[in-house]
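Below you'll find the structure, written out as structure tokens, and then a few comments.
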Amino acid sequence: MKHLIELWYRVKHNSLYLIFGYYSFFAGLVLQSSRRQFYYPPQFKSLMNSPIIDWSFIILGILMFVYSVSPIRNNRITGILIGGIAGLTAVTLGFEIEHFIFKGDFGLRTVYASTILLAIFWCARHRSKR
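For the sequence shown, this note's numbering begins at 347 and goes up steadily by one.
Okay, structure coming up:
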């Protein structure tokens with residue numbers, strides 16, 4: 347019973363990290379399932395739709411989830427995980443903005459990614475794992 351209470355405490359107080367973990371995991375799954383997500387410029391299509399980005403999102407999401415519910419407190423690990431998710435999100439947001447500027451293709455993915463990126467920046471500024 348004591349372990350469940352401790353787990354609930356960590357889930358309650360680290361919920362933003364859990365959200366980032368879920369976001370990263372599901373963003374990786376969405377990118378993995380659609381091989382034609384990014385299409386402009388055509389010469390970089392294979393690079394932008396690389397499975398390395400997809401699997402990086404998935405692995406970082408799993409690591410963030412596990413770290414959020416673990417009793418470990420380390421600001422360096424927190425910073426690395428948040429920075430990795432923010433970096434990948436910024437890269438995909440850059441791809442989306444490029445589609446919008448050069449092809450006129452505006453999707454809600456741009457809004458979602460920029461909102462998550464702003465939340466990640468806020469969390470990175472005020473990070474403290476309990």
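Glycine residues also receive a C-beta, built at the ideal position from the N, C-alpha and C atoms.
Here the structure is a predicted model, which means the values were calculated and not measured.
Exercise. Buried or exposed: where does I466 fall if 16 or more other Cβ atoms within 10 Å of its Cβ makes it buried?
Worked result: Per the 10 Å Cβ criterion, buried.
For this session: Leaving aside the five residues before and after R422 along the sequence, list all residues of the same chain whose C-beta is less than 7 Å from its C-beta, in chain order.
Result: In its own chain, leaving out the 5 sequence neighbours on each side, no residue places its CB closer than 7 Å to the CB of R422.
Problem set entry | Complete runs of the alpha helix (DSSP H) confined to the segment 412-438 [at least 4 residues] | The alpha helix (DSSP H) runs lying completely inside the segment 412-438 and spanning 4 residues or more number zero.
For this session: Return the residue from the list S379, S370 and I365 that minimises the CA-CA distance to V415.
Result: If we check each option's Cα against that of V415, I365 comes out closest.
Problem set entry | Local Cβ density within 10 Å of S402, reported as buried at 16 or more and exposed below that | So S402 ends up on the buried side.
Exercise. Under a three-way DSSP split, which group does L347 fall into?
Worked result: Strictly speaking, residue 347 in this sequence is Met, with Leu absent from that position. Looking at M347 - three-state DSSP - the assignment turns out to be coil, as it is neither helix nor strand.
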